[in-house]
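A short worksheet on the structure shown next.
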Amino acid sequence: MERRPDSQGKVRDIYDAGDNLLMVASDRISAFDYILPDEIPFKGEVLNRISAFWFDKFADIVPNHMVSIDVDQFPGEFADFRDYLAGRAMLVKKAEPIKIECIVRGYLTGSGKKTYDADGTVCGIKLPEGLTEASKLPEPLFTPSTKADLGDHDENISYERCVEIVGEDIASQIRDLSLKIYTAAADYAATRGIIIADTKFEFGVIDGKVTLIDECLTPDSSRFWPAAEYEEGTVQSSYDKQYVRNWLLANWDMTGDAPHLPADVIEGTSARYVEAYEMLTGIKFESMKENK
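Here my numbering is used: the first residue of the sequence shown is 150, the next is one more, and so on.
Here it is, written out as structure tokens:
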């Protein structure tokens, strides 16, 4: 796409469209806050269409910013780019972002497992003894973090600090909504053979109402585990970019530029994204691009 984005995230390009924004999910992939040099085929389209699926599914729980993913409903100025945008772009309402990453953890893994092993807590929350890798937590935890600028690292914060940043009213709303959406999503995903180990939500304010924005329950913002292979005490295989994270951890010391991914890691990651879409939606993935 030749027009320059008005703003750009690690994997998304955002274009101003008057009263709305056009959010475009690229095939770029990030891990450990680094943008990797290789793209993952179909990744952007999968992320966009999974988000649209969840926005539709949970519209009765929380309002969201989605207007349409149909290129025919995009403003005329984007008509020349319809083939690139097909499937990977979403027209959304403009929102005032709430500067908090709303993380919900249902299982012990990742950074939470490291702090639990050190002092028995996850983000300062004391947990029972005897938990291990991939243990289901007694109840889902809301563990907010600051939303860092591009290139900086997010920082885990307490709920009390979250209140200091955004106020009690907003903090309680985003906590309660995050837990409610996660629980509903985890219950649904379980019927589709997927465990949602953890996820991240972002909210904004539209017309005075707290509204779900950005992406929703995608392989980039969540850990999806195949329920049929779940075994407590071991690192789980996953449908998300943990596959990429694991390769990086084994092959890179996190200094200098991020390395190129091997072809099998790129292909395997693409296949996992597509499989996540098909498992969650029950629909065979076919790209919406007109010129595949």
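No residue lacks a Cβ here, since even glycine has one placed at the ideal position from N, Cα and C.
Tell me which residues share the same chain as residue i and place their Cβ nearer than 6 Å to its Cβ, disregarding the 5 neighbours each side in the sequence.
i: Q322; result: V359
Run through DSSP, which three-state label would residue i get?
i: R177; result: coil
i: W374; result: strand
i: R341; result: coil
i: Y379; result: coil
i: G353; result: strand
i: S419; result: helix
i: G255; result: strand
When the Cα atoms are used, what is the spatial distance from residue i to residue j?
i: F373; j: S387; result: 6 Å
i: A407; j: G417; result: 19 Å
i: D320; j: A412; result: First, the residue type needs correcting, since residue 320 is Ala and not Asp in the sequence shown. Their backbone Cα atoms lie some 43 Å apart in a straight line.
i: L240; j: G357; result: 20 Å
i: V393; j: Y183; result: 12 Å
i: E351; j: N400; result: 31 Å
i: G405; j: W396; result: 16 Å
i: P186; j: G273; result: 35 Å
i: I286; j: A238; result: The displayed chain sequence assigns Leu, not Ile, to residue 286. Distance between the alpha carbons of L286 and A238: 35 Å.
i: E309; j: R324; result: 12 Å
i: G158; j: A334; result: 26 Å
Suppose the cutoff is 8 Å on Cβ atoms and the five residues either side in sequence are ignored; what does the same chain contact list for residue i look like?
i: D336; result: none
i: L234; result: M150, L171, V173, V220, F223, F227
i: V195; result: T367, P368, Y422, V423, A425, Y426, F434
So, at 7 Å on beta carbons, what are the nonlocal neighbours of residue i in its own chain, with the 5 sequence-adjacent residues on each side left out?
i: K390; result: I178, A180, P368, D369, T418
i: K192; result: D176, I178, S419, Y422
Evaluate residue i with the Cβ neighbour count: other Cβ atoms within 10 Å of its Cβ, from every protein chain shown; 16 or more gives buried, anything less gives exposed.
i: G167; result: exposed
i: Q385; result: buried
i: H409; result: exposed
As a quick exercise: from the options, pick the residue whose alpha carbon is nearest that of residue i.
i: F207; options: D219, T340, K329; result: K329
i: E381; options: N169, T258, G273, D221; result: T258
i: Y265; options: V253, E278, G255; result: E278
i: S307; options: T270, L171, I163; result: T270
i: I345; options: L429, L276, D165; result: L429
i: D303; options: E288, T295, G431; result: T295
i: N197; options: I210, H214, D209; result: H214
i: K262; options: V253, A283, E317; result: A283
i: A244; options: P212, D162, A338, R152; result: P212
i: G127; options: T332, A376, A334, E317; result: Since the first and last residues shown for the chain are 150 and 441, residue 127 lies out of range.
i: P246; options: P190, L361, G431, I218; result: L361
Using 8 Å as the limit for Cβ to Cβ distance, is residue i near chain D?
i: A283; result: Judged by its chain identifiers, the structure shown contains no chain D, having just a single protein chain.
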